[in-house]
Amino acid sequence: MIDTAGNPDRHDAPRSRPHRWWLAPVVSGADRAWRRGPDVRVLRVLGRYLAGTLLVAALVTGGIAVRIIQVGHQDQRQVSDAIVVLGAAQYDGRPSAVYAARLDHARQLYRDGVAAHVLTIGGGQPGDRVTEGAAGRDYLLAAGLPPAALLAVGTGNDTLVSLRAAEVLLAQHGWRSVTLVTDPWHAERSRLIAADLGLSVRVSSVTTGPALDPGVEGRYVQRETLGTLFYLLTGGSSGAGSAVL
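Each residue of the sequence shown is one higher than the one before, counting from 4 in this note's numbering.
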């Protein structure tokens, strides 16, 4: 029906239904979170997992650092088949101050009757005419130790490779117990490696020398913590030698 103005009759116009709010479904907060999809839940789980992983990593790393410091302050010397001196830098046969401190400590251990043999270990850098092992042996020879008491292994530019080479020579002589001589903060990683090679190990760290300078300790412990963690995780070499100086 059309009125005289040409507009549809108001009775024929469609009616909008009133909003009945009491019929709307009740949506809880949990339902709204669920409807946001799995992304939020996944991110929360991943966040908790990451936080837990970081906490465990921090605890493990901190524990290793504490152990390094503890062992560094111990002198575990006991009668052994051999004293093994970990190499350090040398300059055309002249040991660096760090290496000389280790060699002097080994000389005193020998004189105290800890072992009848001293093994100096360590290779050389490209272009070197003398290895660390040979430089250490010559230094102790000049210090008055008898030639028959000295052996040198000129292999390896890191702790793992050097100790592997030393273990071969020790086995040839039937020696299994050793007292390692190195810097305090290098002692724990060296001990772990030597023990994994099947040696009965004690460590006797130096008590003098540049490695004990307060300004060096923090950097040394940090590097050894990472090196020890890498070794424990992989069983391989971290590429680190035995001094940060």
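No residue lacks a Cβ here, since even glycine has one placed at the ideal position from N, Cα and C.
Note that the structure is predicted; figures quoted are calculated from it, not measured.
For A61, the three-state secondary structure derived from DSSP is helix. CA-CA distance, G55 to L49, rounds to 10 Å. Assigned with DSSP and collapsed to three states, R97 falls in strand.
The beta carbons of V121 and L148 sit closer together than 8 Å. The straight-line gap separating the alpha-carbon atoms of V88 and T123 is approximately 5 Å.
When beta bridges are read from the DSSP output, S203 appears opposite S180. The Cβ-Cβ distance between Y234 and R205 does not fall below 8 Å. Judged by DSSP secondary structure, A119 falls outside any alpha helix (DSSP H); it is assigned neither H nor E. D216 and L153 have their C-alpha atoms some 30 Å from each other. Annotation for L200: L166, R167 and E170 place their beta carbon closer than 8 Å to its own, counting only its chain and skipping 5 residues before and after. Contact annotation: S207 and D186 have beta-carbon atoms that are not nearer than 8 Å. Separation of the CB atoms of L106 and L163 is rounded to 21 Å, and the pair is thereby denied contact status at 8 Å. Taking a contact as a CB-CB distance under 8 Å, the pair V184 and A85 does not count as one, their CB atoms being some 11 Å apart.
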